[in-house]
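Notes for the one structure printed next.
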Amino acid sequence: MSKKTEQALVQSVWGWHFNLLVRDFLPKNLPALVLAPMQHVTDLPFMRVIARRGGPDWFVTEFIRVHANSRADRYILRSITENQTGRPVFAQIIGSDAAEMCRMARELQRYDVAGIDLNLGCPSPTVCGKSAGGGLLRNPPAVDEMVGALRDAIAGKFTVKTRLGFADEAEFDSLLPIFQKHAIDGLTIHARTVVDRYQTPVRPVAVRRAAEVLHCPVVANGNVVNAQAGWNLLAKTQAAGLMIGRGAIRNPWIFEQIRHVGQGLAPKALTRRDLLSYISELYEEIAKETRDFDEKLHVQRMKKTMLYIVQGLGEETEQAMRRVATEVDFFAICESALDNSCPLTDVPPEQSKLFCGFRDLLNPRSEVERQIVAAKLWCARRFMAAVGCIQWCCPKVWNALRGKWWRRMAALYFGFRVKRWKK
Ligand SMILES: Cc1cc2nc3c(=O)[nH]c(=O)nc-3n(C[C@H](O)[C@H](O)[C@H](O)COP(=O)(O)O)c2cc1C
Numbered sequence: 001m002s003k004k005t006e007q008a009l010v011q012s013v014w015g016w017h018f019n020l021l022v023r024d025f026l027p028k029n030l031p032a033l034v035l036a037p038m039q040h041v042t043d044l045p046f047m048r049v050i051a052r053r054g055g056p057d058w059f060v061t062e063f064i065r066v067h068a069n070s071r072a073d074r075y076i077l078r079s080i081t082e083n084q085t086g087r088p089v090f091a092q093i094i095g096s097d098a099a100e101m102c103r104m105a106r107e108l109q110r111y112d113v114a115g116i117d118l119n120l121g122c123p124s125p126t127v128c129g130k131s132a133g134g135g136l137l138r139n140p141p142a143v144d145e146m147v148g149a150l151r152d153a154i155a156g157k158f159t160v161k162t163r164l165g166f167a168d169e170a171e172f173d174s175l176l177p178i179f180q181k182h183a184i185d186g187l188t189i190h191a192r193t194v195v196d197r198y199q200t201p202v203r204p205v206a207v208r209r210a211a212e213v214l215h216c217p218v219v220a221n222g223n224v225v226n227a228q229a230g231w232n233l234l235a236k237t238q239a240a241g242l243m244i245g246r247g248a249i250r251n252p253w254i255f256e257q258i259r260h261v262g263q264g265l266a267p268k269a270l271t272r273r274d275l276l277s278y279i280s281e282l283y284e285e286i287a288k289e290t291r292d293f294d295e296k297l298h299v300q301r302m303k304k305t306m307l308y309i310v311q312g313l314g315e316e317t318e319q320a321m322r323r324v325a326t327e328v329d330f331f332a333i334c335e336s337a338l339d340n341s342c343p344l345t346d347v348p349p350e351q352s353k354l355f356c357g358f359r360d361l362l363n364p365r366s367e368v369e370r371q372i373v374a375a376k377l378w379c380a381r382r383f384m385a386a387v388g389c390i391q392w393c394c395p396k397v398w399n400a401l402r403g404k405w406w407r408r409m410a411a412l413y414f415g416f417r418v419k420r421w422k423k
């Protein structure tokens, strides 16, 4: 199937999907695009900067920790109360005590939130050790209790962001009935297990299964590094939308580019100077929001975000950015690497620690096709190994067999007729 036909097919499926599952926060005829919540990154200034570059359909705050008598973090609250981007904001909560989580959900509903989102994916050992975030997935009955209690406490929209399980994708089968039973309003699936953390390829087949069985919209998350990867993930999962995290830090135009590709337009071509203007704007916006501005602390804060942005700009720039301490040096590094009209590389380097395992998504092949190719390769390797063994270990048998049958077998596996190796 050609790429265009595949995209047309995917779009027509969405048309149907949206007519049936109308939710007032979903766009019509295009996939929903969501900025992933990211601690210490997706704050109010970041949301502003990203919204000016096309931006997502809605935001989710970084997680608000909930424990006995905790109050919502005031800085995170500002990304709801002072958000003038015009996009809805979901407040995300994380914790292990269902009663406390309900208390926080009620408190947050007093603000102008689009809904409450439950974090069931954080892989941090501290968080998991307290049976919160991804740690809760080890105990499906506790997930059931938590989701049920929150559903009762939340009058508006209640969404969940989950991984496929704690250690094994098979655990997902026990989670899906829980989400269905409590009629959540949306499910975002970071298509890895908690143990996978961030490095492995994602597993679109599991997301597709959820999209097929659940009544609520399913949003696919993980490894969308460019517009093509986004459309491929949508085609492979049949999800109603995409949530994008690291890819959006590195390329804040990614939402607009995905929409353009969906409308049959060429995605906006970007230069390094565009990236420089994004960095400068982010620097200013974050500075504006910082109460007692301290240059060194500010540069340290920027570096957390910059580590994602500099991926692909060369080893030298990456190293310099890790060492930088002052504003002057910060902008000197940025300008020397970016004050030019060179085109921006579309994808980050594949083997970087912060981005990896996304190669599969750049390939429009479906998961089933991919598995068939992998199985063929596996058989071919075993077959060749067996032929090699016979040749070296049992020359007599080899001489008896070297007629034609093995060449036919090889032709079957490889899809072409192999030539005789040697006489
Ligand atoms: C720096 C960082 C902070 C994150 N913080 C949160 C968070 O607060 N809540 C959450 O649900 N996920 C959090 N995540 C996970 C992301 O939302 C997302 O699921 C993950 O990065 C995979 O998506 P991506 O490949 O598009 O980045 C965080 C990820 C990163 C890299």
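Under the working numbering, read the sequence shown as residues 1 to 423, first letter to last.
All C-beta atoms, glycine included, are put in the ideal place defined by N, C-alpha and C.
Can you tell me which residues form a DSSP beta bridge with residue i?
| i | result |
| --- | --- |
| G186 | T159 |
| G115 | F90 and K157 |
| M243 | V34 and N221 |
| P343 | T271 |
Determine the burial state of residue i: buried for a count of at least 16 other Cβ atoms within 10 Å of its Cβ, exposed for fewer.
| i | result |
| --- | --- |
| C122 | buried |
| W231 | buried |
| F293 | exposed |
| D173 | exposed |
| V22 | Residue confidence for V22 is low, a pLDDT of 34 falling below 50, so the modelled location carries little weight; the figure read from the coordinates is stated next. Exposed: under 16 other Cβ atoms inside 10 Å. |
| N251 | buried |
| A235 | buried |
| S79 | buried |
| D168 | exposed |
| V213 | exposed |
| H40 | exposed |
| L9 | Caution applies to L9, whose pLDDT of 48 falls short of 50 and renders its modelled position unreliable; the value that the coordinates give is listed next. The residue in question, L9, is exposed, as its Cβ has fewer than 16 Cβ neighbours within 10 Å. |
| N119 | buried |
| C334 | buried |
| G314 | exposed |
| C342 | exposed |
| G165 | buried |
| W421 | In this prediction, W421 scores a pLDDT of 46, lower than 50, which makes its location untrustworthy; no coordinate-derived value is stated. |
| S12 | Here the model assigns S12 a pLDDT of 46, short of 50, so the residue's position is not dependable, and the following value carries that caveat. Exposed, by the Cβ-count rule. |
| E284 | exposed |
Quick check on DSSP: helix, strand or coil for residue i?
| i | result |
| --- | --- |
| G262 | helix |
| L233 | helix |
| F331 | helix |
| A220 | strand |
| P252 | coil |
| T271 | strand |
| P177 | helix |
| L120 | strand |
| P348 | coil |
| P201 | coil |
| V324 | coil |
| F355 | coil |
| V22 | With a pLDDT of only 34 at V22, under 50, the local geometry of the prediction cannot be trusted, and the value read off the model is given with reservation. V22: coil per DSSP, three-state reduction. |
| L276 | helix |
| Q300 | helix |
| V213 | helix |
| F293 | coil |
| G134 | helix |
| V143 | helix |
| Q238 | coil |
| F166 | coil |
Say whether chain B places a C-beta atom closer than 8 angstroms to the C-beta of residue i.
| i | result |
| --- | --- |
| I189 | Within the model displayed, chain B is absent; a lone protein chain is all it includes. |
Every unbroken alpha helix (DSSP H) within the region 26 to 111, with a cutoff of 4 residues, ordered by chain: If only complete runs of 4 or more residues are kept, the region 26 to 111 shows the alpha helix (DSSP H) at 44 to 51, 74 to 81 and 98 to 108, in order along the chain.
Pick out the complete alpha helix (DSSP H) segments inside the region 365 to 399, 4 residues or longer, and give them in chain order. 367 to 393
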